[in-house]
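Chemist:
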Amino acid sequence: MNEDPPSSQSTSTRPTEKSWLDKVLNAFTAEPKSRQELLEIIKEAAENKVVDAEELEIIQGALDVADQQVREILVPRSQMVVVNINAQPSELLPLVIESGHSRFPVVGESTDDIRGVLLAKDLLPLILNGTDNFALDNVIRPATIIPESKRLNVLLREFRENRYHMALVIDEYGGISGLVTIEDILEEIVGEIEDETDEDTDDAFIRKVGENDYIIKALTPIEDFNEYFESGFNEDEFDTIGGILMRAFGHLPQRNEVADIDGYQFRVLYADNRQIHLVRLSTPS
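Every letter in the sequence shown is one number past the one before it in the UniProt record's numbering, and letter 72, counting from 1, is 72.
1. Under 8 Å between the Cβ atoms of Ala120 and Thr144?
2. Using C-beta distances below 7 Å, list every residue in its chain close to Gly61, excluding the 5 sequence neighbours before and after it, in chain order.
3. Which runs of the beta strand (DSSP E) fall wholly inside the region 88-112 and span at least 3 residues, in chain order?
4. Who are the near neighbours of Gln68 in its chain, counting only those whose CB is closer than 6 Å to its CB and skipping five residues on each side?
5. Does the distance from the CB of Leu179 to the CB of Val107 come in under 8 Å?
6. Helix, strand or coil for Ser231, going by three-state DSSP, please let me know.
7. Where in the region 130-157 do unbroken runs of the beta strand (DSSP E), each at least 3 residues long, occur, reported from the N-terminal end onward?
8. Which whole runs of the beta strand (DSSP E) in the region 222-285 are 3 residues long or more, in chain order?
9. What are the start and end residues of the alpha helix (DSSP H) that includes Glu186?
10. So if DSSP puts Arg71 in a beta bridge, which residue, or which two residues, is it bridged to?
11. Could you check whether Leu219 and Gly242 sit closer than 8 Å to each other, using their CB atoms as the reference points?
12. To the nearest angstrom, report how far apart Glu183 and Val209 are at their CA atoms.
13. Is the region 88-96 touching the region 114-128 in the sense that three or more CB pairs, one from each, lie closer than 8 Å?
14. Cα separation between Asp236 and Ala248?
15. Do Asn153 and the ligand FAD come close, with the Cβ less than 7 Å from some heavy atom?
16. According to the Cβ coordinates, are Ile206 and Tyr228 closer than 8 Å?
17. Answer yes or no: do Ile170 and Ser177 have a C-beta to C-beta separation smaller than 8 Å?
18. When the Cα atoms are used, what is the spatial distance from Asp203 to Asp224?
19. By the three-class DSSP mapping on this structure, what secondary structure does Val83 have?
20. Sorted by chain position, which residues of the same chain lie with C-beta nearer than 8 Å to Arg274's C-beta, five sequence neighbours on each side aside?
21. By Cβ distance below 6 Å, which residues in the same chain neighbour Leu118 in space, the five residues on each side in sequence not counted?
22. Can you give me the C-alpha to C-alpha distance between Ile276 and Ile216, rounded to a whole angstrom?
23. Quick check on DSSP: helix, strand or coil for Phe78?
24. What residue from Leu63, Gly175, Thr240 has the CA that sits closest to Glu37's CA?
25. Assign Thr11 to one of three DSSP states: helix, strand, or coil.
26. So if DSSP puts residue 289 in a beta bridge, which residue, or which two residues, is it bridged to?
27. If you run the structure through DSSP and keep just helix, strand and coil, what is Leu219?
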């Protein structure tokens, strides 16, 4: 009597569908057809607790950066803190202390007349040597000028290779449109980075970061939002801003998706596969 070999029995009972682990391994042994396909594999790994939500967001942020240009994240010209080339220490030091920045564009007759970049640490010798014979020309560093269209992943590589942390951005006409720092790019990947110079607001849910720009937690109560911005969002249907945003999107949004509600623009900074966590708000001018 003939019997099938054991190998045939094991083959007949083997599942036909690939497990999530097979898919992950295949992603690294065969080139994924698209970036979205790779992301879906990594998301499935997150659902199976192979990577956590924070790691998933970092991976997704790194992939998103490759599709973004400098113009999407730059600090606008109107919000730049600049130093005039003819400024004296008595003018420089209060500005440096008040702003809390470590680098400043140095300009001549106008903001378009970029002379270089001042590092706050280069003013430290004034403590020992005094202000006599001080000239800003002697301490400024060369400025790096880039176009608005430069991709963020390319700029991040240049930041690392050339060991500089700030670049001035020009528009298509050659005028200064803003600036970008290495921290701005890293925040696109890992989320908002706070340090000891960042100001705490009385309301932990809302933090002002520009003239009309704010970082808002999705759990911000609508009542608090309305009071802070003197807005009129309905408080009957939802308790938090996240609820209003979910209705506006109609789905669980991904990073960088934008919703315009009553003149307020909300851009998602951080969301996982369950809820929105953090958004950037641009208010009406």
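Yeah, the Cβ is synthetic: ideal placement off N, Cα and C, and Gly gets one too.
Modeler: Put simply:
1. no
2. Glu188, Ile189, Val190, Arg255
3. 103-107
4. Leu152
5. no
6. coil
7. 145-147
8. 258-261, 264-271, 276-282
9. At residue 186 the sequence reads Leu, which differs from the Glu that was named. First-last of the alpha helix (DSSP H) with Leu186: 182-190.
10. According to DSSP, which records beta bridges pairwise, Arg71 is partnered with nothing at all.
11. yes
12. 14 Å
13. yes
14. 16 Å
15. Within the structure as shown, the ligand FAD is missing, as the structure has no ligands at all.
16. yes
17. yes
18. With a pLDDT of 46 at Asp203, under the threshold of 50, the modelled position of that residue is not reliable, and the figure given next carries that caveat. Distance between the alpha carbons of Asp203 and Asp224 is about 9 Å.
19. strand
20. Leu252
21. Val83, Phe104, Val106, Ile140
22. 11 Å
23. Before going on, a small fix: residue 78 reads as Ser here, not Phe. Ser78: helix per DSSP, three-state reduction.
24. Leu63
25. Here the model assigns Thr11 a pLDDT of 41, short of 50, so the residue's position is not dependable, and the following value carries that caveat. In this structure, Thr11 counts as helix in the three-state DSSP scheme.
26. No statement about residue 289 is possible, as the shown extent of the chain runs from 1 to 285 and does not include it.
27. coil
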